[in-house]
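Under the working numbering, the first residue of the sequence shown carries the number 72, and numbering increases by one thereafter.
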Amino acid sequence: MINLGLETIKYIIVIQCILFISGIIIAFNRPKNHKFKRMLPRPIKVSISFLMSFTAIIVFLNSNNLTHKYSMFVLIGMILSSFADLIMCRLIKTKNNLIGGMIIFSLAHINYALAYISVMINEDVFKLYYLIVAIVIFLSVVILEYKSFIGKYSEEKITELGAIFYGAIITNMFIFSMFLFISVGGVFKYTFLAAIIFMISDCIIASTDILGYNFKLEGIAVWITYITAQMGIICAPIIGLMIPR
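Encoded structure:
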């Protein structure tokens, strides 16, 4: 089954690339005054997101003893991410789509962190001080961001508070990916690299949507880093098998 799964994922990656390139072509051929110029069309975003969830299902079904819980939590996280993508694309209406998306993405990142922790526990390398460091960093990020951003960049305090807690949660996801790489290594170096890319993706979003900076290629940059990060986290256990030797 593993060979069939790998071949399917390779085809999915090709389809994602075709969709993404098609989306860029459509985005750049829109009129100059188009509201969503230089942004991927919503159908393409949703299609790519669902393909990532399908990939997570395949990887989970092909998981072994080391990666079973990892792939299970990642699958849950990716399904939540797809739901959040629907909210961010405004296909699911909420009172505040940005906050709604951040809440669901926060739950996704918590599941990713649990995925990393599950591998470390399974390998008997999880240390109590990892948790202590994560808690200290979480609180430090919340306090630092609160003092730096609250009341300065958005008229809605709830948006700033949501961004603060989301920032702390994704930082913790990154920290646990680093602990996973340090303590287990191997294929999980791809998880760590993907977590770094995820941080870059969300920094771009924060810079434009929260801090108000103007970045013409923001929509394209966010999605290329987002897709790379998600696929890296999902496929980390099998990337070594997918790379030609």
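Heads up, the beta-carbon is just placed ideally off N, CA and C, and yes, glycines get one too.
- If you look at F197, you'll find it isn't in any alpha helix (DSSP H); DSSP assigns it neither H nor E.
- When rounded, the separation of the alpha-carbon atoms in T262 and A186 is 10 Å.
- In this structure, Y201 keeps its C-beta atom at 8 Å or more from the C-beta atom of F144.
- In the DSSP assignment, Y187 falls within the alpha helix (DSSP H) that extends over 168-193.
- Where I295 is concerned, the enclosing alpha helix (DSSP H) starts and stops at 289-306.
- DSSP places P102 in the coil class of the three-state scheme, outside both helix and strand.
- C-alpha of F176 to C-alpha of M302: approximately 15 Å in a straight line.
- Under the three-state reduction of DSSP, L232 is assigned to helix.
- Sorting S254, T296, C274, A205 by C-alpha distance to the C-alpha of G238 places C274 at the top.
- With a threshold of 16 other beta carbon atoms within 10 Å, P308 meets it and is buried.
- Restricting attention to alpha helix (DSSP H) runs no shorter than 4 residues, the region 127-170 encloses them at 139-159, ordered along the chain.
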